[in-house]
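S.K.: Protein chains in written order, with our numbering: chain X, 1 to 248; chain A, 249 to 432.
Where is the CB? At the ideal position from N, CA and C, for every residue including glycine.
This structure is a prediction, so every number in the text was calculated from the model and none was measured.
Structure below; questions to follow.
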């Protein structure tokens, strides 16, 4: 067992055993017992368990820690029982042998993987990474715009037609921010995985607001947080939200 | 005479397809499955495989690198150029992992696909937290469900796993040490 792993165990052991024969994390006890480096006959598993029961009453450890203790405890009992039965019958001896072989095989397998883990760690630490390129921001993958630009433009025109015409020019400054519309669209797409194109403009009261909303939609498509799809020629255009992935 | 022409056409086709493959992988700039490539390049699987092999050969000694993870292909920078690339972009790659994480990754890399129970059997400890963290870092993913009671999740490595190790494919992993030959 390397110092590193021991240190890791000591930071967060399932349970720290305090007996005259062994003092340390229970994981370490199991690991040593499996390699016959500690004599389980010298340790009372019953009083160890009693101590643990008292500890749970005081500390209320989470369920996964209790489960981990049970698994480790069961293995210790199994190991100890195997050690206490020297006079087992021939058949049982064979079973025991098979069981010992299985344990040895498992330990051996674990050791091989530990060695590989170290070689992976060295390889990772060497920093010989490979990188994907940066996506040119002007390029939008086909998959995000599965609708003809004409269809998208005419759908937007319909939205504008429903809104009051510009009429006379009002000088009063209308305040519609692209940032706010972006957040609004993100919120809508987070609540609903797909939306009708027209639903995006539900709250738009003026043409300016509709235009800014449309710009916000195009921006979400550009940065990969939305895609627009039209299943067939005259079907409703659907807007899908999507999680931005690094690889796209 | 005609056989010479056919032969020449064949050669040009594989080279041409390799060039088309390179162009598509460059523009898509992500992992692309061979299934998608058959559709994009309008070519059957064996031709795609041949083109990928040709492209790997063409790229030897160049700054780019063809990476293959299971049925996905991706054009990335050569691991030998990692330092210079890091001077121009600052990709968020997971830095050093815990010893438990490398152990779990090694088990998954060599034994995939496999369940959490199988990983825990080998490591002898609960692996829930470490699996969760590896999945969050994008180094492993669910590749399916085991057809057994409870249909447990099966785990496998990802393209990103190859990318942090600079491997061209899983075949490039060091060989699994022989049983009993270890010392440490």
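Quick one: is residue 232 of chain X buried, meaning 16 or more other Cβ sit within 10 Å of its Cβ, or exposed?
M.R.: So residue 232 of chain X ends up on the exposed side.
S.K.: Counting only runs of 3+ residues fully inside the stretch 286 to 349 of chain A, write out the beta strand (DSSP E) ranges in chain order.
M.R.: 312 to 317, 320 to 325, all fully within the stretch 286 to 349 of chain A.
S.K.: Could you have a look at residue 387 of chain A and say whether DSSP puts it in helix, strand or coil?
M.R.: Coil, per DSSP.
S.K.: When the Cα of residue 289 of chain A is compared with those of A/273, A/279, A/323, which residue comes out closest?
M.R.: Checked all of A/273, A/279, A/323; the closest Cα to residue 289 of chain A is A/273.
S.K.: Taking residue 24 of chain X as part of the beta strand (DSSP E), name the residues at either end of that continuous run.
M.R.: Unbroken beta strand (DSSP E) run through residue 24 of chain X: 23 to 25.
S.K.: Where does residue 131 of chain X sit, in a helix, a strand or coil, going by DSSP?
M.R.: Of the three classes helix, strand and coil, the one that applies to residue 131 of chain X here is coil, per DSSP.
S.K.: Determine, for residue 371 of chain A, whether the minimum Cβ-Cβ distance to residues of chain B falls below 8 Å.
M.R.: Chain labels in this structure do not include chain B; the protein chains are X and A.
S.K.: Just tell me which of A/413, A/322, A/417, A/401 has its CA closest to the CA of residue 341 of chain A.
M.R.: Here the closest residue by C-alpha is A/413.
S.K.: Assuming contact is defined by CB atoms lying nearer than 8 Å, are residue 43 of chain X and residue 19 of chain X in contact in what I supplied?
M.R.: Going by C-beta atoms, residue 43 of chain X is nearer than 8 Å to residue 19 of chain X.
S.K.: Express the C-alpha separation of residue 51 of chain X and residue 61 of chain X in angstroms, rounding to a whole number.
M.R.: Computed Cα separation, rounded: 14 Å.
S.K.: Taking Cβ positions, are residue 282 of chain A and residue 322 of chain A nearer each other than 8 Å?
M.R.: Contact flag unset, no.
S.K.: Buried or exposed: which applies to residue 12 of chain X, given that a residue is buried once 16 or more other Cβ atoms fall within 10 Å of its Cβ?
M.R.: Result: exposed.
S.K.: Between residue 412 of chain A and chain X, is there a C-beta pair that is closer than 8 Å?
M.R.: Yes, because at least one Cβ of chain X sits closer than 8 Å to the Cβ of residue 412 of chain A.
S.K.: Mind pulling the chain A residues with CB within less than 7 Å of residue 114 of chain X?
M.R.: Those within 7 Å of residue 114 of chain X in chain A are 351.
S.K.: I need the DSSP call for residue 406 of chain A, collapsed to helix, strand or coil.
M.R.: The answer is coil: DSSP assigns residue 406 of chain A none of H, G, I, E or B.
S.K.: Do you know offhand how far residue 154 of chain X's Cα is from residue 296 of chain A's?
M.R.: Roughly 40 Å between the two C-alpha positions.
S.K.: Got a sec? Which residues, its chain only, sit under 6 Å from residue 84 of chain X by beta carbon, not counting five neighbours each side?
M.R.: Excluding residues within five positions, none has a Cβ falling inside 6 Å.
S.K.: List, from N- to C-terminal side, the beta strand (DSSP E) runs of 3 residues or more that fit wholly inside the stretch 153 to 208 of chain X.
M.R.: Fully enclosed beta strand (DSSP E) runs of 3 or longer: 194 to 196.
S.K.: Could you tell me the alpha carbon to alpha carbon distance between residue 118 of chain X and residue 175 of chain X, rounded to whole angstroms?
M.R.: Answer to the nearest angstrom: the Cα atoms are 59 Å apart.
S.K.: Helix, strand or coil: which one does DSSP assign to residue 147 of chain X?
M.R.: DSSP places residue 147 of chain X in coil when its eight states are reduced to three.
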